[in-house]
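Heads up: the protein sequence lines correspond to chains A and B, in order. 1 is the number of the first residue of the first sequence in UniProt numbering; add one for each residue after it. 1 is the number of the first residue of the second sequence in UniProt numbering; add one for each residue after it. These notes are about the structure you will find just below.
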Amino acid sequence: MKLTEVPAGKICTIKSISAEDRYLKRFVEMGLRAGACVKVLRFAPLGDPIEVKLGNAFISIRCENAGNIEVDLADISN
Amino acid sequence: MEQITVGLTGNPNCGKSCVFNSLTGAKQHVGNYPGVTVEKVEGWCEHKGYRIRIVDLPGTYSISAHSMDEKVARDFVLSDECDVIVNVIDSNNFERNLFLTTQLFELNKPLVAALNMYDVATKNGLEYDKEKIGTFLNGTAVSTVGNKGEGIKELLDAVVYEHNCRREFDNRINYGSDIEERLERLTCLISKEVTAGDEKKARYHALQLLQMDCDINEFGENAAKVAQEAISELNRMYGDNPHILMAEKRYGFISGLFEQTVRKTVEIRHDASDAIDKILLNRVLGLPIFFGMMYLVFKLTFWLGDPVMTVIENGFDLLKGFVNSAWPAGAEGPLQSLIVDGIIGGVGGVVVFLPNIIFLFLAIAVLEDSGYMARAAFLMDRIMKKIGLHGQSFIPMLIGFGCTVPAIMGTRILNERRSRLTTIMILPLISCGARLPIYALIIPAFFPKHLHGFMMWSMYVIGILLAIILAKVLRKTLFKGKNTVMLMELPPYRVPTLRSVFTHMWQKSWLYLKKAGTLILAISIILWAMTSYPKLPEEQTAGMVPKQAQAAELKHTAAGRIATTIEPATKLMGFDYKIGTALLGAFAAKEVFVAQMGIVNSLGDAGAESKPLREKLKEQYTPLQGFCIMLFCLISTPCVATVAICRKETQSWAFAMGQFIGLTVLAFVITAAVYQMGILIT
Chain A
1 MKLTEVPAGK ICTIKSISAE DRYLKRFVEM GLRAGACVKV LRFAPLGDPI EVKLGNAFIS
61 IRCENAGNIE VDLADISN
Chain B
1 MEQITVGLTG NPNCGKSCVF NSLTGAKQHV GNYPGVTVEK VEGWCEHKGY RIRIVDLPGT
61 YSISAHSMDE KVARDFVLSD ECDVIVNVID SNNFERNLFL TTQLFELNKP LVAALNMYDV
121 ATKNGLEYDK EKIGTFLNGT AVSTVGNKGE GIKELLDAVV YEHNCRREFD NRINYGSDIE
181 ERLERLTCLI SKEVTAGDEK KARYHALQLL QMDCDINEFG ENAAKVAQEA ISELNRMYGD
241 NPHILMAEKR YGFISGLFEQ TVRKTVEIRH DASDAIDKIL LNRVLGLPIF FGMMYLVFKL
301 TFWLGDPVMT VIENGFDLLK GFVNSAWPAG AEGPLQSLIV DGIIGGVGGV VVFLPNIIFL
361 FLAIAVLEDS GYMARAAFLM DRIMKKIGLH GQSFIPMLIG FGCTVPAIMG TRILNERRSR
421 LTTIMILPLI SCGARLPIYA LIIPAFFPKH LHGFMMWSMY VIGILLAIIL AKVLRKTLFK
481 GKNTVMLMEL PPYRVPTLRS VFTHMWQKSW LYLKKAGTLI LAISIILWAM TSYPKLPEEQ
541 TAGMVPKQAQ AAELKHTAAG RIATTIEPAT KLMGFDYKIG TALLGAFAAK EVFVAQMGIV
601 NSLGDAGAES KPLREKLKEQ YTPLQGFCIM LFCLISTPCV ATVAICRKET QSWAFAMGQF
661 IGLTVLAFVI TAAVYQMGIL IT
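This is the structure in structure tokens:
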């Protein structure tokens, strides 16, 4: 499923990110890469962007970008 | 005394500026990097007989040079000027921060890692083996608490040590045989291309080529061909471009380092920040709270600023009065007028904005240091995206209702150049405080009472609509380009320290005074000359009452003559030479229009409340002409300070003049169209 489809509060693992090369770099440098574990925290009041927690950091991603991130929902959710 | 130059690097939000302030105290200096708008902050201190010069580089996640900030940071650490690299690392985000560290490590330079916010990390149950981290990085690792000044002495010790111990550098991350082979080949080719002494950097340049971090032709055709081949081969083999594969290896190195040097005793959380966000970013409350906060900033800037502005204005008036009275009788002349009206008036016009700017930067510093600014961008992003901008552009636009000058300076929080330029270009259309006296003069003169509020409101709305349209057009034409990926870190909330807030405020205010001040002053003097010269011979004003004489004199000056000459053009907008002269003078600052209208209509210096001036306007002009005056004032550049600040912030006269001319033409076309259509209808 896509990162945008993950309900707030759930944890998921990134499977793949599809984006143009120079944009992909940005993701990777921020630590968003295959295998990374992120928790979807919330959607902004107007529905876009979304806020995720990666490790110990909070990151805001626009839906148009988050839609390019394929994830697997993790079983544990807290 | 021998000098050691230190490049201070780190991710955004790693507490780098706290470390910088602790290192240098008040011994700081702000400037700009040549040719770009990136601020260059440096400071110095003395330690163990060395003068240590510290250059605070922009906070970046990598030095791959996507943005101006990254390029500046990369070029500096790569240059021979930089003796030691200090990498500030947020100890609570160790793994993520290390991505930049691995890139710095590969530069083969003396490296000191400062594990910052160490106190919080310890509280969070993290234990670091600093010695081992140092070994891994072929440098020294120390722990610091930037905002409390802890570990700063040790950091300086480490800098001196790394500078003197002359390590042998051959730092490399193993990228696996497939990549290494190709790297080797490229390194060989490049070391032949580069100038002598730079061979050591060859591997780094080879890395750049493979990662597509630089222009592929930078190191010769041969290297470009080999690199291109290597990239496509690797892509075929692994299904990903080399930079992804290499990033994977970097993360491999990082997790190896992490596992061997860090011990976690408790799972870390940012419960407090998340709890605050539950309210501040709440679906229902988030936006109202945001607008409330912005209203506060707005109020703070102008309400706290206004009394001080009055004091400054009065002070300059007193100064003028003093100079006038102290001037030797009988020697009155152009010099006195130049000093009093040109120089003192010009300097006063600059300094008078200072309270606004200081309070604005104070508010911005608090919002930024506390972590709320990033949240504001998060909340507004959706709306700003519609006009092709980023959430962060909203803040300067709001400030623009008060004054365009600090608003343009406020665009510094935007890090993407094209959206920053777009924001700067549209900001003058947000109706600023200086247009208010004009509306206050015109509206009651021409419109019935029940329409006053509506007319005022409509001027603001027209400005906003034009700004939106212009932003969309600019993003589709001049500043085209898809938005870069909008990834933004929302830092954990922190209580801002007084010291860092005041340092930020002071540095920015000083830059304004120094740079914009000189330019604005020069243009004010030119405008003063234009509205004073040439002088009308005295015999021609003989017999006139003083007010009539003043009007006749103004018509005779350069400004008056220009207005008379271009009257055929301004007539299209419904403006006669009187309005034209007033508008020319009003270029110094829009509020001057009211005073100038008073002078050209032989009423002397008139305030906005002046009833006789309104009567006079009503006699001479139609409501349509009144509306056109407001419209032209709204759309054209607010003041000379805007042009100066635009030049300073964009580092380009082309943008500053482009904005000035563009807005003037736009104002002319729209106003003329409205006037001509208005005539047809009525």
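Yeah, the Cβ is synthetic: ideal placement off N, Cα and C, and Gly gets one too.
Neighbour-count burial assignment, residue i, 16 or more Cβ in a 10 Å radius
i	result
A:S77	With a pLDDT of 47 at A:S77, under the threshold of 50, the modelled position of that residue is not reliable, and the figure given next carries that caveat. Classification of A:S77: exposed, given that the 10 Å Cβ count is below 16.
B:D271	exposed
B:I443	buried
B:N174	exposed
residue 691 of chain B	A query on residue 691 of chain B cannot be resolved here, the shown segment of chain B reaching from 1 to 682 and no further.
B:G264	Note that residue 264 of chain B corresponds to Lys in the displayed sequence, not to Gly. Label assigned to B:K264: exposed.
B:P396	buried
B:H504	buried
B:C82	buried
A:C37	exposed
B:K386	exposed
B:T102	buried
B:I152	buried
B:Y118	buried
B:Y295	exposed
B:K109	buried
B:Q550	buried
B:A673	exposed
B:N21	buried
B:L8	buried
A:L3	buried
Residues that residue i contacts on chain A, provided the C-beta gap is smaller than 8 Å
i	result
B:G286	A44 and P45
B:F394	In chain order: nothing, as chain A lies at least about 12 Å away.
B:N127	Residue 127 of chain B is actually Glu in this sequence, not Asn. None at all; the shortest Cβ gap to chain A is about 16 Å.
B:M212	D21 and R22
Residues that residue i contacts on chain A, provided the C-beta gap is smaller than 9 Å
i	result
B:D381	A44, L46, D48, P49, S60 and R62
B:F99	V28, E29, M30 and G31
B:F378	A44, P49, E51 and S60
Neighbour list for residue i in chain A, Cβ cutoff strictly below 7 Å
i	result
residue 694 of chain B	Past the edges of chain B, shown from 1 to 682, lies residue 694 of chain B, and the structure says nothing about it.
residue 690 of chain B	This structure leaves residue 690 of chain B out entirely; chain B is present only between 1 and 682.
Proximity below 8 Å, CB of residue i to CB of residue j
i	j	result
B:G43	B:H66	no
B:I413	B:M373	yes
B:L23	B:I54	yes
B:I468	A:L46	no
A:A74	A:I14	no
B:V72	B:V112	no
A:S60	B:M488	yes
B:Q96	A:G55	Reading off the sequence shown, one finds Arg at residue 96 of chain B, where the question assumed Gln. Yes, these two residues count as a Cβ contact at 8 Å.
B:Y533	B:A558	yes
B:I629	B:I579	yes
B:F105	B:N171	yes
B:L572	B:Q676	yes
B:T642	B:P406	no
residue 692 of chain B	B:V501	Residue 692 of chain B lies beyond the range of chain B shown here (1 to 682); nothing can be said about it.
B:P623	B:F446	yes
Within chain B, partners of residue i - CB distance below 7 Å
i	result
A:V28	I244 and A247
DSSP bridge partner residues for residue i (one or two, in chain order)
i	result
B:A113	B:N87 and B:A141
B:V6	B:I54 and B:V84
A:D21	DSSP, once it has assigned bridges, lists no residue as partnering A:D21.
A:I59	A:V52 and B:E489
B:W44	B:R53
B:H29	B:E42
A:D72	A:T13
A:C37	A:T13
A:K2	A:E70
Report the residues of the region 237-264 of chain B with a CB closer than 8 Å to any CB of chain A, ordered along the chain. Residues of the region 237-264 of chain B with a C-beta atom less than 8 Å from some C-beta of chain A are N241, H243, I244, A247, E248 and Y251, listed in chain order.
Select from the region 12-27 of chain A all residues with a C-beta closer than 8 Å to any C-beta belonging to chain B, and list them in chain order. Along the region 12-27 of chain A, the positions whose C-beta sits under 8 Å from a C-beta of chain B are A19, D21, R22, Y23, L24, K25, R26 and F27, read in chain order.
Determine which residues of the region 486-502 of chain B have a Cβ less than 8 Å from any Cβ of chain A, and write them out in chain order. Contact annotation: in the region 486-502 of chain B, residues whose CB is within less than 8 Å of a CB in chain A are M486, L487, M488, E489, L490, P491 and P492.
Using a Cβ-Cβ cutoff of 9 Å, what residues of the region 65-92 of chain B are near chain A? List them in chain order. Against chain A - using a Cβ distance shorter than 9 Å - the residues of the region 65-92 of chain B are H66, D90 and N92.
Members of the region 35-62 of chain B near chain A, C-beta cut-off 8 Å: Across the region 35-62 of chain B, CB contacts with chain A closer than 8 Å involve Y61 and S62, in sequence order along the chain.
Residues of the region 94-123 of chain B with Cβ closer than 7 Å to any Cβ of chain A, in chain order: Residues E95, R96 and F99.
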